[in-house]
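Visitor: Chains as they are written, first to last, in the numbering used here: chain A, 616 to 1108; chain B, 540 to 711; chain C, 16 to 519; chain D, -1 to 699; chain E, 98 to 200.
One structure coming up, written as structure tokens, with questions to follow.
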Amino acid sequence: MEFINSHLLSLITFVPLLGALLVLALPGTREDIIRWSALVITCIPLLLSLLLFAGFDRSFAGMQFIERYAWIRDFNINVFMGVDGLSMPMALLCSLICPICVLASWNIERGVKGYFFLFLLLEAGMLGVFTALDFFLFFVFWEVMLLPMYFLIGIWGGPRREYAALKFFLYTLIGSVMMLLVIIYFYLASTPHTFDMIELARTNSLFDYRMLCWFGLFIGFAIKVPIFPFHTWLPDAHVEAPTAISVILAGVLLKMGAYGILRINYTMLPDITMRMAAFMAALGVINIIYGALCAMAQKDLKKLVAYSSISHMGYVILGMASFTDEGLNGAIFQMFNHGIVTAMLFLLVGVIYDRAHHRDIDSFGGIASVMPNYAFVTFLAFFAALGLPGLNSFISEALVFLGAFQKYRILTAIAASGVIITAAYCLWTLQRVFLGKLNEKYSLLPDLTVRETVSLVPLCIIVVVLGVYPHPVLNLMKQTVSLLNRIITGAGI
Amino acid sequence: MEFGIKELIFIFVAAMTIVPCFFVAFSRNILHSAFALFFTFLGASGLYFFLDADFLALVQLIIYIGGVLVLLLFAILLTRNIDNIRKTNAMAKNRAIAAGAGVAVMFCILIYAFVISSRPFSHAENAAYPAVTIKALGSLLLTKYLLPFEAVSLLLLAVLIGSLVIAGRLEK
Amino acid sequence: MATMDNFTSLSSFTAEIFLAGFIILLLAASFFRKNRESGMGFAYAAGIFGIVGTLLFELQGWTADNNAVYLFYGMLRNDSLAHLFKLLCLLSSLLLLVFSLVSRETNRRFDNTAEYVLLILSATFGMMLMASSENLLMMYLSLEFLSLTSYMLTGFTDRDAKTSEAAVKYLLYGGIASGVMLYGLSLLYGITGALDYASMREFFAGHEVSGIILHISIIMVMAGMGFKIASFPFHSWCPDVYEGAMTPFTAFLSVGSKAAGFAIIIRFFSQIFGLETTTKLGHTFDWQTTIAVLSACSMTFGNLAALQQKNIKRLLAYSSIAHAGYILMAVACRSQLGVTSAFFYLSVYFLMNFGAFLVVIIISNELNSDMVSDYEGLVWKNRKGAFLAAMFAIYLFSLTGVPPFAGFIGKFYLLLSVLEKGRALYWLAGVAVLNTVISFYYYSRILRLMLLSRRLKGADLSEMQRGDYLPYSLMAGLAILTILFGIYWTPLYNFSRLAGMAMK
Amino acid sequence: MTMREFIEQYGFIIVLAPLLGAAINGFLGKYIQKRSGERAVGLIANASVFISFCVALAAFAAVWSAEEDAHTVVCYLFNWLNVGALRADVSLLFDPLSAVMVLVITGIGFLIHIYSTGYMKGDPGCYRFFAYLNLFIFAMLILVLGENMLLMFIGWEGVGLCSYLLISFWFTKQANAQAGNKAFIVNRIGDFGFILGMLVLYSLLRESVFTGGLAGVEAPSLLSFRFLEMNIHLLTNTELFGISAATLVCLCLFVGAAGKSAQIPLYVWLPDAMAGPTPVSALIHAATMVTAGIYMIGRLHFLFSMSAAALQVIAVIGAATALFAATIGCVQNDIKKVLAYSTVSQLGYMFLGMGVAAYSAGIFHLMTHAFFKACLFLGSGSVILGMRHEQDIRWMGGLKKYMPRTFATFLIATLALSGLPPFSGFFSKDEILWQAWKTGHHGLWLMGFISAGITAFYMTRLVILTFYGLNRLHLRPSQDLEHDHDNHDHGRHDVRESPASITAPLIILAFFSLVAGFIGIPAALGGGNRFEHFLVPVFGHHASAPHHDPMEYLLMFASVTVALAGIAAGVFFYRIRPELPDKIVSRIKTFHRIVYNKYYVDEIYGVIFVSGTKLLAKASAAFDRYVIDLLVDLAAYVLRVNSYLSGAFDRIVVDGLVNGAASSFLFSGEQLRRLQTGKIQAYVMLLLFLIVIGVSFAVIM
Amino acid sequence: MNIIGIESYLIIGLVLFLIGLFTAISRKNIIGIFMGIELILNSSALNFAAFSRFSARSLEGQLFSIFIIVIAAAEAAIALALLLSIYRRFGDIDADKLDSMKG
């Protein structure tokens, strides 16, 4: 037990990696064994991260569960992992969503072994990004997560999957390549050459070309969030990716961009971040309004949900740019909530797609009378998406508004108007799909199967519970956020 | 600068090297250019004599004229039946003009460079330069430059085998 | 550093002597074997034995305390850089022989294999000389040695019109390029009055030389060397020869001869003009920017031209031009770390490129076509197709320079050495990074055809027979090394650091 | 243990009971209904509301009996949010104002629950209906009892959600679904205003309270009402965007109130909300939800009284809505639509009351209105049941004989609404008019006075057309029968009185609408105005007007006469000379059509807002797909090369815009490739050419 | 500067080199190109000899020229062999016809 406690993070990150190799070794024909073993492998990090959650010290702002192993001595690169209030919720979210995605990818027939191998690799990459504290390790995990995603979208995706996969990879590659330059520059500029993020954060005053580095990093992460001008890959990637992959894509991958900005831009270049705050806030508001408007005009249900993710991530950016405790806490809580809500939405889209084999909103109608349970869960998901008070997204949106209003009065007012557009397209979609006269083509659609319910129910519970009692997640991040704010405002003066 | 009989012959030999060169470049008949090449090589060996490099001149005569030129003649004869030898040497018009321009520019630049930096070329006055070079060359070859000597022998062996194999397929 | 005379230096020249002796032995043996058909197995076995022998001698002769020793009156300089590059070249010719065994072009109905092996061994001999030559004559001689043997090897089989056309093009272009280099060398000899690098370096340290003539001679010398490593201005032969020559030999050209070319460039520039030390000459004659410009051009040209290639070998040719540009970037850094990362990248490139060509060979054995479009739906054909596709994916991603693979670490070191030079070369790092993105584009076209599209086009693949496990285990080995060095690359780095330290 | 301790410990039961009821019916209702029928489901729902009604009574007693100063009882549950300077707890605040509201909600709610068991008999979705209804009661109680604005906002949106679910209860019909959508979105616009108000309030308070930054002081709950009441003076002199902070906050909050309580700009959803079942209209769209806005203003009266401008705006809009809605009410033919517009008009009255700072009068009118409007709606429900779901009053008539009890209760409620003396409507409406006049808003008094008359007129018209004269069901043109079931017996069908479960609540409500007025008899008429006295701890003392101001009697007399005149006009037009209205209508045809179509407000909104946003959405989606895509990504390249991939349209667009970033790479790649001509001498040419360049550069440097 | 000085050798060498280059580029016949190459090699051999006489004043230059000549001979041998295989394959030795591989 002591071993597990002292090596918790490396276990969480490398268990899926070993699992992936195990899956590779299994016989390709026995698909059921592969599926069940994949499920078990993804559940292990979930249990471990629950252990992490239990053992996490809420009152301490710095890094916990620190592990450092020498990797390449000559260049002072070491496997340095740790979690703090910022990465803890994200790791929890990631390890929670992965088993659900494995459940959702039960009906993959083609190349099952390859699929689950890549999926477990992806999970290892994602968990690695959230726990890595060594810049080189962070970059390696960032790209390791890129590869399986390319194939998962490319091979198991929809009709225009190749184009979508390529676009996804190229966008992220451009971003990460810029990041690589900045990483190397930081390495060379730091006096005892080091990749250790905390060390770099401490001695960040001595780098020059600060604006250039800040933008190099920011663009790399903005592509991932995605922020307005760089978002065009998201709708394509989502529409073409299989259900489980778009759940992971929206649920966890989008958070990496925001996490990156918080973890690197904020701590290493605080003065520039302070100066660029208004710019980020404006981008956030554009994301909210533009995403919502685009969502309203979509015909394809999955594309609509994709644009809604862009809109919700806009809140995160706005919250981050406010440098107030409420705003930043709201932003990180919104990252967590959005992960849960979008995962539900994509699962639900997957459910209807498996039955009707198309996602055109207008050709559905009156599904509620045929599939009541499905209707109930979708209503809950959509209402959580539009930020109905009593559900989890409202709290994060309220916090973001309360936090951001102090610094950007007009911008936040415009962002608040986004609430109306979001409500409009959510309800309009619900009405076109669920209410109204039953389209007799769908009169015999089966309701939720056991597998689908098992994957959806925990998410519903989280959505409602966090809405009423948000402390379990909010307490995690409070100390780190106040530390982060102090750094930024301190450096800004 | 004195202008004795030696310089006169030198100018003649230099002319004998350069003028046939132009024939090689511009003549329409490949055979004519081969002969022009012969005179150029001859002129070059003459120039070597003026540099007191007598062994080198002989090597030039034997290998270049005896070996390389003969090979070229073989090539010409083997690849063309005699009758239509005339129009063998066409010249691609536009490429020629461009090449000419390029070469001219290079010529001016290099002449300019030589004029600017002629000083470094003539600095090592002190070292004695042996009149008869054959003995010195021999000893130099077998002491300091033994390795290149052996390496070249291996190279010639490899070339021998290789070209035999490639050319050898003729009869099949 | 001791300068030994001929006989004493023989003792540390054992590897080359063994090889030369073996060549002559093999020549003699081939005369006495009459029957032709069993010759193929015997010749390749002998060749491999020869190379392995030389390798063993080389390793045995290598004293790790990298004290550079001048052999044959300063003709050669046996330092760790020379040893490492010799190792790399020997391994490339070893793989060339093994690939020739595997590829249908060169194993079954290929009559004079003995001569083929002989030429390969002599080419190797030439490369070993190139790695350690410290004298203009020796450098030119070894360069010509490799070039001439390569012309013959390119045109060796008369399989179709392409090979002979490629060989002639290679010969003509090589002849002119090395002629121009020779003229440059003569000018250099004229300026310094000496043939060996050490005295040239003293000359430059001592005398004030006008930049123009030096610049011109260096550019002309670069013509010959650029031709060898196929970097931008001197690359035109590369696509045609790569497409025309037999695939095993193309692989060898893209790695072995390129590595030898780089050995010459590194040695030529660092020994004559010095690395770290800013000789008086340093500031007047800045060869760094020239090479930086060359590197940027060849990177960009190589990647852009490869965007729409139809033939896989031509595509890999342009990619090798681009990679030549990347390595030139390290040379332009003019630092010991630069030399180290150049060697590191070359050894990683060795793994990826030979792996990629092995896949190309096996696929052309089955489908006998080099068109990229014939790779469509490879992964869905059968287990073998899936294995090939997976391996090729690993190599392609490594060639792009994406982290979990060794290619990324190579590029990482290149960028590190470039950025370490401060403001001067930031633009070069930017160009390199932009090229990485462009390069992914054409690598992904192959990936897309092989893995992503579900249309089963082209002939179907034969199942994996029991017999031919050699190529697959080799491929797996190279792939594992590519991944291993992507994760833990300290051993490889320690070796390449030795190379860096050898150069002052 | 005293009533106060009981509430402090177990006050949350009032909220928990309906939640449990909703949960049980929601999740298990389907099985309960299948196994033991609708009665059981109804029973669960009624029981839960009854429990919360009892606790409400206990709370009322606790608050009423409290000594002089301790008039508020707080039942603290748990800390909900504690982030940075924001601290919000989930705790319930019982004070005279919320006690009144809770009594109204649970009391009328309970009656309506009983009524619904009768009304919804036979409807398969019964369990769903009761679950939503209980959820609504829970949300409304949270709204009323919330100790801070955030908690109130949860209730605020919660009731919006329930009204959406209940309006589109019969979702199979597209119209109902659209009505539900409309209601929620308009409410959402209101909530946007509410959020803005909250944001401004919070940020200004945060600045003034935490001038020295947080520094670990135990953060007070900034948005809790008690804290606001104590520290609202901090906002007196602060400015924001050029207007005084208090006014800005009040205006934003009023937008929220207008959205929820259907005032002028945002009232369009209420008439369409009649698509829901009648008990829903009664409970939500008459008695409780729509009054939330007034309650909010009452709760934050100290804030509103700080800015006279805001109060003026509220008063004006209130009066305007009253008059405007009354005019539309006169020409509506659907019984529920008439009552809906009457509700809008009465809400306008309440806002007028609030606008002239007569808070207790506003709340008093709220209470009385809840009783008689609920009674009217339930009465119309039983009429609709009787007439086989026919809602158009033009085809009714003569129901007096068949439904005596419904008729009696309907008549009492109508008289109360018209404001005749003995009934509660008179006292509350008159109090408001008197306060309007007293505080100098003579113009607003006049508008209120006229709309009182019109109210009397259309209510009489409604009563006469429904209950008096001959039954005109057979005149109904068959085509507008859009709903399908049971119109088989076209001949005379026997209209029977509704069962006891429906009429009993009617009678109770009628009794209250009669009695309720007596607790608020103004001093002028010798009454102690105990209602206002009860709310003093919340609203503080009014400037005690001089007793027996003669003007008050005059106004009272005037309002009674205008009510009688309205009734007389109604009787005259529809009882004595029934053909007259048609003649008038034919003469003022266009004007009548405009008013009948609600001044085409819905259509105008439709064109400007709804289709406007849709157009904007389409524009931004198109912008996204073409302009950004092409500039940034490699679509151009991939599509051009892989023709089988690209659709015809994309190809046309893409080829047209060849200058995308991707295609520039491709273009240069193409040219460089063409450089490779295959001719050896071209290669050497390139070599020569580049050497020349290199050399000339060397010379130039 | 006397006539037989380094300058004249330089000029002769330069002219030979440039004419060789010009021939190699503009000739259509492959043998013509070989001739160009031979000229270039010859000019550099001449250069080496001249520098060894005038500037370096040591025999190394001449030795270099000898090696150049030897290698030129080797190259001519290979050229002939490849030329024959081209002739057998294509029927004629026109350089511009050798463009089957391009792009």
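Every residue, glycine too, gets a C-beta built ideally from N, C-alpha and C.
1) What in chain E is Cβ-close to residue 613 (chain B), meaning under 7 Å?
2) Could you say which of C:311, C:45, C:38 and C:374 lies nearest to residue 446 (chain C) if we only look at CA atoms?
3) Counting Cβ pairs closer than 8 Å, one from the region 733 to 744 of chain A and one from the region 821 to 829 of chain A, do we hit at least three?
4) Straight-line CA distance for residue 552 (chain B) to residue 333 (chain C)?
5) Count the C-beta pairs between the region 500 to 507 of chain C and the region 77 to 92 of chain D that are closer than 8 Å, then say yes if the count reaches three, no if not.
6) What would DSSP say about residue 152 (chain E), mapped onto helix, strand or coil?
7) Beta-carbon within less than 7 Å of residue 302 (chain C)'s beta-carbon, same chain only, minus the 5 sequence neighbours each way: which residues are those?
8) Please state whether DSSP places residue 679 (chain A) in a helix, a strand or coil.
9) List, in order along the chain, the chain B residues whose C-beta lies closer than 7 Å to that of residue 227 (chain C)?
10) Counting only beta-carbon atoms, is residue 692 (chain D) nearer than 8 Å to chain E?
11) Please identify, using Cβ separations under 9 Å, the residues of the region 252 to 275 of chain C that lie next to chain D, in order along the chain.
12) Taking the alpha-carbon positions, what's the residue 45 (chain D) to residue 1009 (chain A) distance?
13) From residue 379 (chain D) to residue 118 (chain D), what does the alpha carbon distance come to, in whole angstroms?
14) Run through DSSP, which three-state label would residue 224 (chain C) get?
15) Taking only beta-carbon positions, decide if residue 1020 (chain A) is within less than 8 Å of chain D.
16) Cβ atoms of residue 712 (chain A) and residue 840 (chain A): under 8 Å apart, would you say?
17) Using a Cβ-Cβ cut-off of 6 Å (strictly less than) and excluding sequence neighbours within five positions of residue 708 (chain D), which residues of its own chain qualify?
18) Any Cβ of chain B within less than 8 Å of the Cβ of residue 73 (chain C)?
19) Could you confirm whether any beta carbon from chain B is found closer than 8 Å to the beta carbon of residue 686 (chain D)?
20) Taking the C-alpha atoms as reference points, what is the distance between residue 347 (chain C) and residue 307 (chain C)?
21) Determine the DSSP secondary structure at residue 805 (chain A), reduced to helix, strand or coil.
22) To which residues of the same chain is residue 199 (chain C) closer than 6 Å at the C-beta, ignoring the five residues directly before and after it?
23) Which residues, in chain order, does the region 788 to 816 of chain A contribute to contact with chain C at a C-beta distance below 8 Å?
24) Chain C beta carbons: is any one of them nearer than 8 Å to that of residue 690 (chain B)?
25) On the DSSP letters alone, give me the boundaries of the alpha helix (DSSP H) that residue 1007 (chain A) sits inside.
26) Can you look up residue 694 (chain A) in the DSSP assignment and give me helix, strand or coil?
27) Determine which residues share a DSSP beta bridge with residue 237 (chain D) and list them.
28) Could you please tell me which residues of the region 1012 to 1046 of chain A, in chain order, have their CB closer than 8 Å to any CB of chain D?
29) Is residue 496 (chain D) helix, strand or coil by DSSP?
Guide: The structure says:
1) Neighbours of residue 613 (chain B) on chain E, chain order: 177.
2) C:311
3) no
4) So the two alpha carbons sit approximately 48 Å from each other.
5) no
6) coil
7) Once the five neighbours on either side are set aside, the close Cβ partners of residue 302 (chain C) are 233, 284 and 288.
8) strand
9) 652, 655 and 656
10) no
11) 252, 254 and 255
12) 32 Å
13) 11 Å
14) For residue 224 (chain C), the three-state secondary structure derived from DSSP is coil.
15) With 8 Å as the cut-off, residue 1020 (chain A) counts as an interface residue toward chain D.
16) no
17) Lying before the first or after the last residue shown, residue 708 (chain D) is absent from chain D, which here runs from -1 to 699.
18) no
19) At least one CB of chain B lies nearer than 8 Å to the CB of residue 686 (chain D).
20) 5 Å
21) coil
22) 232, 235 and 236
23) Contact annotation: in the region 788 to 816 of chain A, residues whose CB is within less than 8 Å of a CB in chain C are 788, 789, 792, 793, 795, 796, 799, 800, 802 and 803.
24) When Cβ-Cβ separations below 8 Å define contact, residue 690 (chain B) makes contact with chain C.
25) 1007 to 1022
26) strand
27) BP columns for residue 237 (chain D) point to D:242.
28) 1013, 1014, 1016, 1017, 1018, 1020, 1021, 1024, 1027, 1028, 1031, 1032, 1034, 1035, 1036, 1038, 1039, 1040, 1042, 1043 and 1046
29) coil
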